[in-house]
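A.B. asks: Take a look at this one; I'll ask things after.
Protein chains: 2
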Amino acid sequence: MAVYTDITEIELGTFLRGYDIGELLSYKGIAEGTENSNFILHTGGGSFILTLYEKRVERSDLPFFLGLMEHLANRGVSCPLPVRRRDGEMIGELAGRPAAIITFLEGMWPRRPTAAHCRALGEALARLHVAGADFGLTRPNALSLPGWRTLWEGCRARADEVEVGLGAEVGADFAALEIGWPKDLPSGVIHADLFPDNVFFLGERLSGLIDFYFACNDFLAYDVATCLNAWCFERAHAFNLTKGTALLAGYQSVRPLTEEEVAALPLLARGSALRFMLTRLYDWLHGPEGALVMKRDPMEYVRKLRFHRQIVSASEYGLARA
Amino acid sequence: MAVYTDITEIELGTFLRGYDIGELLSYKGIAEGTENSNFILHTGGGSFILTLYEKRVERSDLPFFLGLMEHLANRGVSCPLPVRRRDGEMIGELAGRPAAIITFLEGMWPRRPTAAHCRALGEALARLHVAGADFGLTRPNALSLPGWRTLWEGCRARADEVEVGLGAEVGADFAALEIGWPKDLPSGVIHADLFPDNVFFLGERLSGLIDFYFACNDFLAYDVATCLNAWCFERAHAFNLTKGTALLAGYQSVRPLTEEEVAALPLLARGSALRFMLTRLYDWLHGPEGALVMKRDPMEYVRKLRFHRQIVSASEYGLARA
Chain W
818 MAVYTDITEI ELGTFLRGYD IGELLSYKGI AEGTENSNFI LHTGGGSFIL TLYEKRVERS
878 DLPFFLGLME HLANRGVSCP LPVRRRDGEM IGELAGRPAA IITFLEGMWP RRPTAAHCRA
938 LGEALARLHV AGADFGLTRP NALSLPGWRT LWEGCRARAD EVEVGLGAEV GADFAALEIG
998 WPKDLPSGVI HADLFPDNVF FLGERLSGLI DFYFACNDFL AYDVATCLNA WCFERAHAFN
1058 LTKGTALLAG YQSVRPLTEE EVAALPLLAR GSALRFMLTR LYDWLHGPEG ALVMKRDPME
1118 YVRKLRFHRQ IVSASEYGLA RA
Chain B
818 MAVYTDITEI ELGTFLRGYD IGELLSYKGI AEGTENSNFI LHTGGGSFIL TLYEKRVERS
878 DLPFFLGLME HLANRGVSCP LPVRRRDGEM IGELAGRPAA IITFLEGMWP RRPTAAHCRA
938 LGEALARLHV AGADFGLTRP NALSLPGWRT LWEGCRARAD EVEVGLGAEV GADFAALEIG
998 WPKDLPSGVI HADLFPDNVF FLGERLSGLI DFYFACNDFL AYDVATCLNA WCFERAHAFN
1058 LTKGTALLAG YQSVRPLTEE EVAALPLLAR GSALRFMLTR LYDWLHGPEG ALVMKRDPME
1118 YVRKLRFHRQ IVSASEYGLA RA
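These protein sequences, in sequence, are chains W and B.
Residues in the first sequence are numbered consecutively from 818, following our numbering.
Residues in the second sequence are numbered consecutively from 818, following our numbering.
Below you can see the structure in the form of C-alpha cells.
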C-alpha cells in the first residue's frame, strides 16, 4: 500500500499546465509502490502515472532514475517514458514534493509466474543491460556488500529472535562473501529489484518493466542472480529448475554470460538472497507495530540462502553449457 | 483508504470473460471508498471501475444500489452505469465476494467547493430525485431516527469523553427530533451521502454522482438538508450563505420545495447533522486504535448541530421566497 499524499484538483490542474498532455480529466491514488505516492491520471492526452517522491527517495537520485527510463525507452526497452515538461525538465514540484509524470504501461504482473514468463523476463533483463551500456550517469549500489554489513550491524544482536542460530549462520555467509565476492565482472546499469510485481505482461508477452528506483551500477550478473531468487522458487521454497533454465536461456539468447559470470553466479545468488533477507529482517525487527505496513518474512530468504550455499555450479540453476 | 482484497490477473481475466467489454489490459487498486475494494480497469472496451463488496455491504442490498444507478443513468442522470454480464446479471462473484463493474466517470471531486459547484450540485440532486420517482425497488433508510437512537445507545455513556456535557446536549436533540420529526413529506429515492467526494466536476461543470451505497427511500428534503451540511460550511464551521443560496436555488430550478418541506428544513438539517455526528462519534469511540483508519472528528458535526438549533426559518439557509 502506497504512502499517500492527497493533492487537490486545483494544484494538480496548475501543475499539469507545465506539461503538454492536455486537460486533466481524472486522477486517483493507486495502491502501488511502497516508497512513493502514485496516481493514475487521465488527461486529454491519455493515461499517465504521476509520482510524488516521498522522503525515502533521495531527490539527487531522481535524474539518474528518470534519465535511465528515458534512455532505455528510447532504445526500445518497454518501460515508462518520463514526460518532459514544457520547460524541458522531467522533475517538477507538487504538494511540496518532487513529482514526475510517466507514460502508463498496460499489463499485469504475474502472481504465479510460469516458465514462459521467466524466459521473457530473462530476455528483457538482458536487453536492459545491453541498452543501459551507453547511459551517461552512474549511481553506486547502496545495497551491495558494505551496505549489507551496515544493515547487519543493526540486526545481528536480535537475529536469533527470528530463528535460533540465525546470527551465527548469517555471520558465516558474510565471511564467505567477503572472501569470495568478485572484483571484476562485466558491470553496468542494473535494475536491482526486478521482482514479478515490477514486470507487466499481457498474457505471456512481456509488456514492460517498471519501478527503477533501486537501479544503480553493479555487476550485470548480480541482476540475473536477483531474478533467479525472485522468479524461480516455488511457494514451498523449492527451486524450480524449469523456470531457472527458461530465465537463463532467455537472458543468454540476448547476452551470453561470460565464463567468469557463470563461475560467480552461485556466490552472486547467495549475496542477493542475503541482501533481501537483510532488508526484510531489518524491517521485521525495526518496523512499526501493527498492520499498516505488511512485513515480509525474512525466513523465505534464509531458506534461499541455504539453497545457494549448496550450489557448486551454475548448471544447477539450469544454465545450459555454451 | 480502501479495504483492499488482492486479486490475481488470472481470476480477473476469467471473471471478465463473463462480460462483453474486451480483453483485460491492466487493473490497479485505488485508494477510494471506505467500505469496498475498488480497482480501475483498462480493457479493450475502455476504462471501468471494478468493486468487490466487502462485508459491510449487505449482498441483498446490491440489486437496489446497482439497479438504481442503471435506472438513473438511463434517465440522463450522470452516474456510473453498471455493466451487465453476458448472462444479463449485474452482480458476479470474484475472490469470494460479490463484484460488479461500472463505467468510469471522468471528473474530480472539489476539495474546496465554490458557490458554482453548490448550484450545480443542487440541480443534480433535484434531477436525481425526479428521475428516481419511478424506480421500482425500495430500501428503508437504516440511518433514520430509530437507527440514530441505536447508535446513540452505544455512545451516550462515553459521549462526555469527547466534550463535557455532550451527553445531555445530544439527549435534548433527540427529545426535540422525536417530537417534531415530519410524518408526511414528499418521499422517494435519496442518495443520503452526497458529500463533495461523491460528486465529480470538470471545472465547474458537474460530470457525475458516485457511490450510491447509502441510497434509500426517505424524505427528499432530508437529502437537501444533508447537502447543506456537507457543502455549505466553511472549514472554521461558519455557514456560508452564498453557497446555501446557490445550492437551494439550483435545487428549486428543477424541483421547487413544497411549503411543508421549507418549514421542515431546519429540523431536517438538525437531524442530518445529528446522523453524521453519531456515526463519527461511534467510530471515534469504538474504532480500532492506530492510524489505519482515519477517524473524523465528531465535533465538526456537533458545531453544525448547534447552528441548526438556532435556525427559525429556511430563509436563513438562503432559501428564496417562492
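A virtual CB, placed ideally from N, CA and C, is assigned to each residue, including glycine.
Does the separation of the CB atoms of residue 862 of chain B and residue 847 of chain B fall below 8 Å?
C.D. replies: Cβ atoms of residue 862 of chain B and residue 847 of chain B: not closer than 8 Å.
A.B. asks: Quick one: grab the DSSP three-state call for residue 1121 of chain W.
C.D. replies: Note: residue 1121 of chain W maps to helix in three-state DSSP.
A.B. asks: Run through the segment 921 to 967 of chain W for me and flag every whole alpha helix (DSSP H) of 4 or more residues, listed as ranges in chain order.
C.D. replies: Here the runs fully enclosed are 932 to 948.
A.B. asks: Which residues, in chain order, does the segment 845 to 879 of chain B contribute to contact with chain W at a C-beta distance below 8 Å?
C.D. replies: Residues 845, 846, 847, 848, 849, 857, 859, 864.
A.B. asks: Who does residue 1103 of chain W pair with in a DSSP beta bridge?
C.D. replies: In the DSSP output, where bridge partners are listed per residue, residue 1103 of chain W has none listed.
A.B. asks: Would you kindly work out how many angstroms separate the C-alpha atoms of residue 1022 of chain B and residue 1058 of chain B, rounded to a whole number?
C.D. replies: Near 21 Å, if we compare the C-alpha coordinates of residue 1058 of chain B and residue 1022 of chain B.
A.B. asks: Would you report the Cα separation of residue 1141 of chain B and residue 865 of chain B, rounded to the nearest angstrom?
C.D. replies: Lying outside 818 to 1139, the shown extent of chain B, residue 1141 of chain B is not represented and no answer is given.
A.B. asks: Residues of chain W with CB under 8 Å from residue 825 of chain B, in chain order?
C.D. replies: Under the 8 Å cutoff, chain W gives 928, 929.
A.B. asks: Can you have a look at residue 1073 of chain B and say buried or exposed, based on whether 16 or more other CB atoms are within 10 angstroms of its CB?
C.D. replies: It counts as exposed.
A.B. asks: List, from N- to C-terminal side, the beta strand (DSSP E) runs of 3 residues or more that fit wholly inside the segment 1048 to 1103 of chain B.
C.D. replies: The qualifying runs do not exist here; there are none.
A.B. asks: Let me know if residue 1046 of chain B comes out buried or exposed under the rule of 16 or more other beta-carbons within 10 Å of its beta-carbon.
C.D. replies: By the neighbour-count rule (16 or more Cβ atoms within 10 Å), residue 1046 of chain B is buried.
A.B. asks: State the start and end residues of the unbroken alpha helix (DSSP H) segment that holds residue 828 of chain W.
C.D. replies: Residues 826 to 833.
A.B. asks: Let me see if you follow: with CB-CB separation under 8 Å, is residue 925 of chain W close to chain A or not?
C.D. replies: As a matter of chain content, chain A is missing from the structure shown, whose protein chains are W and B.
A.B. asks: Using the Cβ count rule (16 or more neighbours within 10 Å means buried), how would you classify residue 939 of chain B?
C.D. replies: Buried: at least 16 other Cβ atoms inside 10 Å.
A.B. asks: In the structure shown, what three-state DSSP assignment does residue 899 of chain W receive?
C.D. replies: Here residue 899 of chain W sits in strand by DSSP.
A.B. asks: State the Cα-Cα distance for the pair residue 1038 of chain W and residue 1103 of chain W, rounded to the nearest angstrom.
C.D. replies: Between residue 1038 of chain W and residue 1103 of chain W, the C-alpha separation is close to 31 Å.
A.B. asks: Following the continuous alpha helix (DSSP H) through residue 1035 of chain W, name the residue where it begins and the one where it ends.
C.D. replies: From DSSP, residue 1035 of chain W is part of no alpha helix (DSSP H) but of the beta strand (DSSP E) over 1033 to 1036.
A.B. asks: With a threshold of 16 other CB atoms inside 10 Å of the CB of residue 967 of chain B, please say whether the residue is buried or exposed.
C.D. replies: Residue 967 of chain B should be labelled exposed.
A.B. asks: Can the beta-carbon of residue 950 of chain B be found closer than 8 Å to that of residue 1005 of chain B?
C.D. replies: Yes, they are a contact pair.
A.B. asks: Confirm, please, whether the CB-CB distance from residue 926 of chain B to residue 1014 of chain B is below 8 Å.
C.D. replies: Their beta carbons are under 8 Å apart, which means residue 1014 of chain B touches residue 926 of chain B by this criterion.
A.B. asks: In terms of residue numbering, what span does the beta strand (DSSP E) encompassing residue 847 of chain B cover?
C.D. replies: Note, residue 847 of chain B: beta strand (DSSP E), 841 to 847.
A.B. asks: Compute the distance between the beta-carbons of residue 825 of chain W and residue 1113 of chain B, then report whether it is under 8 Å.
C.D. replies: Not in contact: residue 825 of chain W and residue 1113 of chain B (Cβ atoms no closer than 8 Å).
A.B. asks: Would you be able to state if there are at least three C-beta pairs under 8 Å between the segment 1017 to 1036 of chain B and the segment 881 to 893 of chain B?
C.D. replies: They touch, by the three-pair rule.
A.B. asks: At the 8 Å Cβ level, is residue 843 of chain B part of the contact set with chain W, yes or no?
C.D. replies: At least one chain W Cβ lies under 8 Å of residue 843 of chain B.
A.B. asks: Which whole-angstrom value is the C-beta distance of residue 841 of chain B and residue 868 of chain B, which I expect to be below 8 Å?
C.D. replies: Not really, about 16 Å apart at Cβ, beyond 8 Å.
A.B. asks: What residues are listed by DSSP as bridge partners for residue 1022 of chain B?
C.D. replies: DSSP, once it has assigned bridges, lists B:1019 as partnering residue 1022 of chain B.
A.B. asks: Would DSSP call residue 913 of chain W helix, strand or coil?
C.D. replies: In this structure, residue 913 of chain W counts as coil in the three-state DSSP scheme.
A.B. asks: If you run the structure through DSSP and keep just helix, strand and coil, what is residue 863 of chain W?
C.D. replies: If DSSP states are grouped into helix, strand and coil, residue 863 of chain W belongs with the strands.
A.B. asks: Check this for me: beta carbons of residue 874 of chain B and residue 853 of chain B, under 8 Å apart or not?
C.D. replies: Taking 8 Å as the Cβ cut-off, residue 874 of chain B and residue 853 of chain B qualify as a contacting pair.
A.B. asks: Using a Cβ-Cβ cut-off of 8 Å, state whether residue 1019 of chain W counts as contacting chain B.
C.D. replies: By this cut-off, residue 1019 of chain W is an interface position.
A.B. asks: Buried or exposed for residue 996 of chain W, please, with buried defined as at least 16 other CB atoms from any protein chain shown within 10 angstroms of its CB.
C.D. replies: Exposed.
A.B. asks: May I ask which residues mark the beginning and end of the beta strand (DSSP E) holding residue 1006 of chain W?
C.D. replies: 1004 to 1007 is the extent of the beta strand (DSSP E) around residue 1006 of chain W.
A.B. asks: Under the rule that 16 or more other beta-carbon atoms within 10 Å means buried, what is residue 1028 of chain B, buried or exposed?
C.D. replies: Buried, since its Cβ has 16 or more Cβ neighbours within 10 Å.
A.B. asks: By a C-beta neighbour count over all protein chains shown, 10 Å radius and 16 as the cutoff for buried, is residue 1067 of chain B buried or exposed?
C.D. replies: With 16 or more other Cβ atoms within 10 Å, it is buried.
A.B. asks: DSSP state of residue 877 of chain W, grouped into three classes?
C.D. replies: Three-state DSSP puts residue 877 of chain W in a helix.
A.B. asks: Are residue 1063 of chain B and residue 935 of chain B touching if we call contact CB-CB under 8 Å?
C.D. replies: Yes, Cβ-Cβ distance for residue 1063 of chain B and residue 935 of chain B is below 8 Å.
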